[in-house]
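If you read the sequence shown in the numbering used here, its first letter stands for residue 6, the second for the next number, and so on. We put the beta carbon where it would ideally sit given N, CA and C, even for glycine. All values reported here derive from a predicted model rather than from experimental measurement.
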Amino acid sequence: MSWNLRTLDSLLEKSGSNRAGTHDYPVLSITMKGGLVDQSEKFKKRVASQNTTNYRIAYRNELVVGFPIDEGVLGFQAKYPAGIVSPAYDIWKLRDPSNTHIPYLERYLRSRQARWIYASKMQGAVARRRSLTKTDFLCLEIPFPPLDD
């Protein structure tokens, strides 16, 4: 039984170009332990800027990637039809949602193995400011178990 490897580039495409504008969406934050959460749950208050017009809209089942990525600061937006995140975060949507098991993909992307790969490819001199290029992120190979009929 062999596992298939698929690159993130084959699974994801860039999203996040839509901005909140004057809409009143829930404000979301990313945590190392909990992934994407309501900001009010994380901080017990609103810490986002009063002006969220430039915040990015993350639609349901989109992947939000923060930093430092090698600490697993990422998560799928699964709570709302749409929420907003800091403009500093990257957002990706699945090319074919019917062909990807989101809980598995998120678990793998937050795994120790994936975080080690991120860290090995990061660039920059200051540890907390090192980053992973989008190209290197999209080249990451994800092992998928075979689906038996």
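For the alpha helix (DSSP H) that P108 lies in, which residues bound it at each end? Residue numbering aside, residue 108 sits at position 103 when the sequence shown is read from its first letter. Taken as a continuous stretch (DSSP letters only), the alpha helix (DSSP H) holding P108 covers 107 to 114.
Kindly list the residues whose CB is nearer than 8 Å to the CB of N66, restricted to its own chain and excluding five residues on each side of it in sequence; keep chain order. Residue 66 sits at position 61 when you count from the first residue of the sequence shown. In its chain, beyond the 5 residues on either side, F81, Q82, A83, K98, L99, P102, I107 have a beta carbon closer than 8 Å to the beta carbon of N66.
If we count the other Cβ atoms within 10 Å of its Cβ and call it buried at 16 or more, is L10 buried or exposed? Position 5 of the sequence shown holds residue 10. When all chains shown are included, L10 counts as exposed.
May I ask you to report which of helix, strand or coil DSSP gives K38? Your numbering for residue 38 matches position 33 in the sequence shown. Secondary structure of K38 (DSSP, three-state): coil.
Provide the residue span of the beta strand (DSSP E) that contains F81, from first to last. Position 76 of the sequence shown, counted from the first residue, corresponds to residue 81. Run containing F81: 79 to 81, per the beta strand (DSSP E) assignment.
Am I right that I35 and G71 are in contact with their C-beta atoms under 8 Å? What's the rounded C-beta distance? Translated into the one-based positions of the sequence shown, residue 35 becomes position 30. Translated into the one-based positions of the sequence shown, residue 71 becomes position 66. Contact flag correct, Cβ pair sits at about 4 Å.
Given this structure, state the Cα-to-Cα distance separating D95 from S20, to the nearest angstrom. To locate residue 95, count along the sequence shown from 1; it is residue 90. To locate residue 20, count along the sequence shown from 1; it is residue 15. Between D95 and S20, the C-alpha separation is close to 8 Å.
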